[in-house]
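The structure appears right after this line, and notes come after that.
Protein chains: 2
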Amino acid sequence: MKLEGKVLIAQGGGPTAVINQSLVGAVLEARKFPQVTRIYGALHGVHGIINEDFIDLTQETEQNLELIARTPSSALLTTRDKPDEAYCKEIVRVLKAHDIRFFFYIGGNDSADTVRIVNEEAQNSDYDFRAIHIPKTIDNDLLVSDHTPGYGSAARFVASAFAGVNLDNRALPGVYIGIVMGRHAGFLTAAAAMGQKYDDDGPHLIYLPERPFTQEKFLKDVKESYERYGRCIIAVSEGIVDESGTPIITQLTENVERDAHGNVQLSGTGILGDLLADLVRDKLEIKRVRSDTFGYLQRSFLGIVSDVDQREAREVGAKAVHFALVHGKDGSVSINRVGNYAVEYRLERLVDVARHTKSMPDSFINEAGNHITDEFRKYAEPLLGTDFPQPYRVMAPKVEKILK
Amino acid sequence: MKLEGKVLIAQGGGPTAVINQSLVGAVLEARKFPQVTRIYGALHGVHGIINEDFIDLTQETEQNLELIARTPSSALLTTRDKPDEAYCKEIVRVLKAHDIRFFFYIGGNDSADTVRIVNEEAQNSDYDFRAIHIPKTIDNDLLVSDHTPGYGSAARFVASAFAGVNLDNRALPGVYIGIVMGRHAGFLTAAAAMGQKYDDDGPHLIYLPERPFTQEKFLKDVKESYERYGRCIIAVSEGIVDESGTPIITQLTENVERDAHGNVQLSGTGILGDLLADLVRDKLEIKRVRSDTFGYLQRSFLGIVSDVDQREAREVGAKAVHFALVHGKDGSVSINRVGNYAVEYRLERLVDVARHTKSMPDSFINEAGNHITDEFRKYAEPLLGTDFPQPYRVMAPKVEKILK
């Protein structure tokens, strides 16, 4: 006999530009199954579940859902709560009370872990129940998957930003430092290189959390690049660490803010960029040094989105419903690259995706540890989507001088 | 007898997203006049003129020019040089040596002043010569013109950024401070409001250089807004000043950098945003406070452009050629709003545009001095271009709680 009952969907962690594609993919697909009695959305992720803050998505029009799908940032709002066992027991109690038999949680590795614990708690109490984790994160750091929904659009933003900054800096030369999001993985910072077109285009240097950052090496790199190009554009991950693994940013601020997961707050301050700029100004005596911290613009910017990312985010939402309702399985949906370029969606064990994160492979980072390789370019290129704007230069020949 | 000789085009000051539309508009239009013997471009603005760093734009294909037109940031590169009389005498010496009879300088009010002095020097030495200033600035602060090319695209970027930040902050509530470019005029910061759609959308507060900024008022405003909405998004101009007209940023840094015009360096540092964030965190005891400084992303971002701005920038370039070559006049091209919405291009006296800048009119700023008015919205709306992306929200009804 088919499992019958309600569907619950929620969104957790940081928003992305395409997270609502996954939401709408799941909602519209779930509507096709007669054993689904209602489709609920929880507001503010798991926090909304324990508070029974549900809305009835059965009563959304398809037209409005399609408009929501194209709107960046979690339409069901989100949370930074990281549920423990007791929290998950409470979740299961609420699920039972509302006869929720299918749970889809859109989020990163912490959300996968939540789904894993909730599923265990349900099994322990003999509650017939399917739970699927739908991946999303701009950090691109989930295990197993080739890449994650949300990354391509954020990467497109970062690539566009650096491509523009490169044109600006070429017109008014100097040193420019752009700080990019990414706590442990450098994928998003590495995307800064994806707008490079001409040989002398920036970013000329890229610093990732995967390689220890030292001031000496940094200054040497900047000096060399500045002497070579007469300017220097630098992409720096907010998560860069020293040899001991300590975030560079904690060397600079006395009062670090920590979230529920114990992570140091990295975004929402310009301090890392400002320190690095001061360093270049003081030690290399270069006058025009600027730094920008891209901050929250990167993950929900209205109007920059990768069409490939959009399509895949939609698909992982819909496939999650198939895995739960057609196949009766629990797990985490993964994206697997096949051919050149195509993807297949599979179901992974929750334990293989939960908690841990992925870093950039060595083959994506150059030997000097200050830029990316062509292998990364090949990897990232399809993810940023089609029709990436191309800059062009004047090619007219020089005129001979008369007076000098 | 018609004045015959070479055309010279250059770009000065900060780049914009559409500054090459004006360049290409002028080049392609100038090609239609047989009395134009060659079309030169000077590299790095007036700096390139005194160094005779010219390229022969006659040898650019129309196809490449069209591609350049769509590329952000000064294709001929730019300069911060502010020429005095001696500098302008040197410019005229070079112009004469190369038989340059028509000079088009794309820039802001300082560039207009340069064109004015160069023109005077040419007249004083009986050199038959036409000089036209082609307006551009993301600050929108030129006198006479209804608005300036470059503003609409930068305004679209700022509006898009705040619309995205609003969606992000709604999902993960807190206080968010975004620092926007604009030294004396608040037009660009005011554009932060152009992405507001729903009643509770941010920015909830907007601080402009046109109104004195006090910490007390700021904290009171933020507290009220935070209590009302449970969150608060704030757009702040980098150029905000205290009652005495001193930039707030100079209260915070000991070593201020000044450019050739004596202006304090405001962009390229996150310090203003960080200080305001600390203030809110400390005084209002709000935990989640974030600040971003949009910096250089605002003026040359690849992929965000206003189609209206593009079209008008193209047109001012082409019209400048008409004024010089058909009408034999000198001056500065202005954009004048007619109907709803249309524009006419006129020629102004250089002295009426040079040196001074325009501020936001009182009617664009609300009485409390912390937001904009509907009159500003009406003014700015057509400038941002068509097809501005619209965010949508879920509208599904709440589900009744069972356990609580």
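Protein chains in written order, with this note's numbering: chain G, 1 to 404; chain B, 1001 to 1404. Heads up, the beta-carbon is just placed ideally off N, CA and C, and yes, glycines get one too.
With 16 other CB atoms within 10 Å as the buried threshold, where does residue i fall?
i, result
"D1139 (chain B)", "buried"
"S1244 (chain B)", "exposed"
"G1230 (chain B)", "exposed"
"I319 (chain G)", "The sequence given here places Lys at residue 319 (chain G); Ile does not occur at that position. Buried, since its Cβ has 16 or more Cβ neighbours within 10 Å."
"I1402 (chain B)", "exposed"
"T246 (chain G)", "exposed"
"N1119 (chain B)", "buried"
"A155 (chain G)", "buried"
"R1290 (chain B)", "buried"
"V1338 (chain B)", "exposed"
"G268 (chain G)", "buried"
"S1160 (chain B)", "buried"
"Q1011 (chain B)", "buried"
"S363 (chain G)", "exposed"
"D126 (chain G)", "exposed"
"N1169 (chain B)", "buried"
Quick one: is residue i near chain G, going by C-beta distance under 8 angstroms?
i, result
"Q1196 (chain B)", "no"
"I1304 (chain B)", "yes"
"K1086 (chain B)", "Before going on, a small fix: residue 1086 (chain B) reads as Ala here, not Lys. It does not: the Cβ of A1086 (chain B) has no partner Cβ on chain G nearer than 8 angstroms."
"Y1296 (chain B)", "yes"
"Y1229 (chain B)", "no"
"P1083 (chain B)", "no"
Got a sec, what are the start and stop residues for the alpha helix (DSSP H) residue i sits in?
i, result
"K1089 (chain B)", "E1085 to A1097"
"Q251 (chain G)", "From DSSP, Q251 (chain G) is part of no alpha helix (DSSP H); its letter is neither H nor E."
"T1189 (chain B)", "F1187 to A1190"
"V165 (chain G)", "Y151 to A171"
"S1125 (chain B)", "It is not in any alpha helix (DSSP H) - S1125 (chain B) carries neither H nor E in the DSSP assignment."
"F376 (chain G)", "D374 to A380"
"A1277 (chain B)", "I1271 to L1284"
"N64 (chain G)", "E62 to A69"
"H47 (chain G)", "G45 to I50"
What is the DSSP secondary structure of residue i, counted as helix, strand or coil?
i, result
"V305 (chain G)", "coil"
"S1111 (chain B)", "helix"
"Y1226 (chain B)", "helix"
"D1201 (chain B)", "coil"
"F1033 (chain B)", "coil"
"F1218 (chain B)", "helix"
"H133 (chain G)", "strand"
"S334 (chain G)", "strand"
"L1143 (chain B)", "coil"
"Y1408 (chain B)", "Past the boundaries of the shown model lies residue 1408 (chain B); chain B is included only from 1001 to 1404, so the question cannot be answered."
"G25 (chain G)", "helix"
"S244 (chain G)", "coil"
"R314 (chain G)", "helix"
"R1355 (chain B)", "coil"
For chain B, find out if any of its Cβ atoms is closer than 8 angstroms to the Cβ of residue i; answer yes or no.
i, result
"E238 (chain G)", "no"
"Y127 (chain G)", "no"
"V94 (chain G)", "yes"
"R211 (chain G)", "no"
"G273 (chain G)", "yes"
"D292 (chain G)", "yes"
Going along chain G in order, which residues have a C-beta closer than 8 angstroms to the C-beta of residue i?
i, result
"I1068 (chain B)", "Y392, R393 and V394"
"N1064 (chain B)", "Y392, V394 and M395"
"V1165 (chain B)", "Y296, L297 and S300"
Starting from residue i and walking both ways along the beta strand (DSSP E), at which residues does that stretch end?
i, result
"K1006 (chain B)", "G1005 to Q1011"
"E1210 (chain B)", "From DSSP, E1210 (chain B) is part of no beta strand (DSSP E); its letter is neither H nor E."
"I1055 (chain B)", "F1054 to D1056"
"A1235 (chain B)", "C1232 to S1237"
"R1346 (chain B)", "A1342 to E1348"
"S1291 (chain B)", "V1289 to T1293"
Can you pull the chain A neighbours of residue i, defined as C-beta to C-beta under 7 angstroms?
i, result
"S1074 (chain B)", "Protein chains in the displayed structure are G and B, and chain A is not among them."
Residue i versus chain G: which residues are under 7 angstroms apart at the beta carbon?
i, result
"H1098 (chain B)", "I402"
"T1373 (chain B)", "Within chain G, no residue comes near T1373 (chain B); the closest Cβ sits about 23 angstroms away, beyond 7 angstroms."
What residues from chain B crowd round residue i, counting only those whose CB sits closer than 7 angstroms?
i, result
"L188 (chain G)", "Going along chain B, no residue has its Cβ under 7 angstroms from L188 (chain G), so there is no contact; the nearest lies around 15 angstroms."
"A161 (chain G)", "L1297 and F1301"
Interface residues of chain B around residue i at Cβ under 8 angstroms?
i, result
"Y40 (chain G)", "V1399"
"I55 (chain G)", "V1394, A1396, P1397, K1398 and V1399"
If the cut is a Cβ gap below 9 angstroms, which residues of chain B does residue i touch?
i, result
"L77 (chain G)", "R1170, A1171, L1172 and P1173"
"Q59 (chain G)", "M1395, A1396 and P1397"
"T71 (chain G)", "L1167, P1389, Q1390, P1391, Y1392 and R1393"
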